[in-house]
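Novice: Structure provided below as structure tokens; questions to follow.
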Amino acid sequence: VKHVKKYFPLSKKWFVEKKYVKAVDDVSFFIKKGETFGLVGESGCGKSTTGRLINGLIKADTGEINFQGTNVANISEKLWKRYRKPMQMVFQDPYASLSPRMKVKDILMEPLTIHYPKMSKQEKEILVKDLLEKCGISEFHLSKYPHEFSGGQRQRIGIARSLILKPELIIADEPVSALDVSIQSQILNLMKDLQEEFGLTYLFISHDLGVVEHISDRVGVMYLGSLVEIATKKQIFADPKHPYTQALLSSIPKPDPKEKREPIMLEGEIPSASNPPVGCKFHTRCPLAMDICKQKVPELKQIEQEQQVACHLFD
Ligand code: SF4
Ligand code: MG
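Right under this line is the structure:
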């Protein structure tokens, strides 16, 4: 993802002064094949929009999104069809994305029918049964409807559906946020197992740092449409560099109470993405803000191997 921007106009009326929500504001990062890249930040920071841009659900204003050797940011809807198969999404609310009037097996067979019109029904059924089994849904439930399952089971079905076409990249947007904590780790472990078995690459979007820590190899932290830090999971959680990352982390409890982190209280609300602060967007809440922070946008810079930070403290 290179210099991707997506601004949403606040009003389409010509006589109203043009204002935009700067949802994704010049974002660049890459995801390595086979890894899980966790994209984290508070709600409204642009992480879901980033996922939807990559998946082609919405089009970027500018920038490149390179996937399998092609810049998919600007290709036609017709060409997109080629990338729908290798790139799939898992959503927060599987219930909303599963058709209530379809049996589970039909939900999974549908994409096969679309993409492999010549495949026999029997063949499809075998694939569906096998995949659901791997996702923890036994074959006895194939003829049930989505409402007959629990939230956790429905997410298992949502995950199975995302895998039926053998994708390479899964974009999972808050896939466990609607689930009880006890179920969350089951789903995360399932995703890890499936990743290993099928060689999947994940873009894992979440506001929950604990969840991101559980599943990610590398992490990107977003604030008001910008990536402020990218690093390995270890670096982010052991040695966060950006003041915003530090504040986010300070709010999650550590397993060892002796290691207690001092919570860093951020002042004020998140500013509006339609009118973000100039300079560093975080300067209105940053406990370490300096004069330059109000004037100059800090660029994302490499400060250690695998660690990039956008903050003037590291100039
Ligand atoms: Fe804080 Fe300045 Fe760094 Fe922004 S650039 S995070 S305001 S120190
Ligand atoms: Mg979101």
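With the sequence shown counted from 1, adding 127 to any position gets you the working numbering. Built from N, CA and C at the ideal position, the CB exists for glycine as well.
By the 10 Å Cβ neighbour count, where 16 or more other Cβ atoms means buried, how is residue 434 classified, buried or exposed?
Specialist: buried
Novice: Check the C-beta distance from residue 287 over to residue 235 and give it rounded, since I have them as a contact under 8 Å.
Specialist: Between residue 235 and residue 287 the Cβ distance is about 6 Å, and since that is below 8 Å, they are a contact.
Novice: If you count every other CB in all the chains shown that lies within 10 Å of the CB of residue 228, and 16 or more means buried, which is it?
Specialist: exposed
Novice: Only counting the same chain, and skipping five residues up and downstream in sequence, which positions put a Cβ closer than 6 Å to that of residue 420?
Specialist: 406, 407, 410 and 439
Novice: In terms of residue numbering, what span does the beta strand (DSSP E) encompassing residue 152 cover?
Specialist: 147-154
Novice: How about residue 363: is its Cβ closer than 8 Å to a heavy atom in ligand 1?
Specialist: no
Novice: With distances taken between CB atoms, is the gap from residue 444 to residue 335 smaller than 9 Å?
Specialist: In this structure the chain extends from 128 to 442, so residue 444 is not present and cannot be described.
Novice: Using a Cβ-Cβ cut-off of 6 Å (strictly less than) and excluding sequence neighbours within five positions of residue 165, which residues of its own chain qualify?
Specialist: Excluding residues up to 5 positions away in sequence, 331, 339, 343 and 346 lie with their Cβ nearer than 6 Å to the Cβ of residue 165 in the same chain.
Novice: Take residue 246 and list the residues in its own chain whose beta-carbon comes closer than 8 Å to its own, dropping the five residues that flank it on each side.
Specialist: 239 and 240
Novice: On the DSSP bridge list, what partners appear for residue 193?
Specialist: 198
Novice: Measure the alpha-carbon distance for residue 350 versus residue 265 and round it to whole angstroms.
Specialist: 41 Å
Novice: At which residues does the beta strand (DSSP E) containing residue 163 begin and terminate?
Specialist: 163-167
Novice: Below 8 Å on the Cβ atoms is my contact criterion, and I expect residue 321 with residue 290 to pass it. Report the Cβ-Cβ distance as a whole number of Å.
Specialist: 7 Å
Novice: According to DSSP, what are the bridge partners of residue 258?
Specialist: According to DSSP, residue 258 bridges with nothing at all.
Novice: Below 8 Å, is the gap between the Cβ of residue 259 and the nearest heavy atom of ligand 1?
Specialist: In this structure, the C-beta of residue 259 stays at least 8 Å away from each heavy atom of ligand 1.
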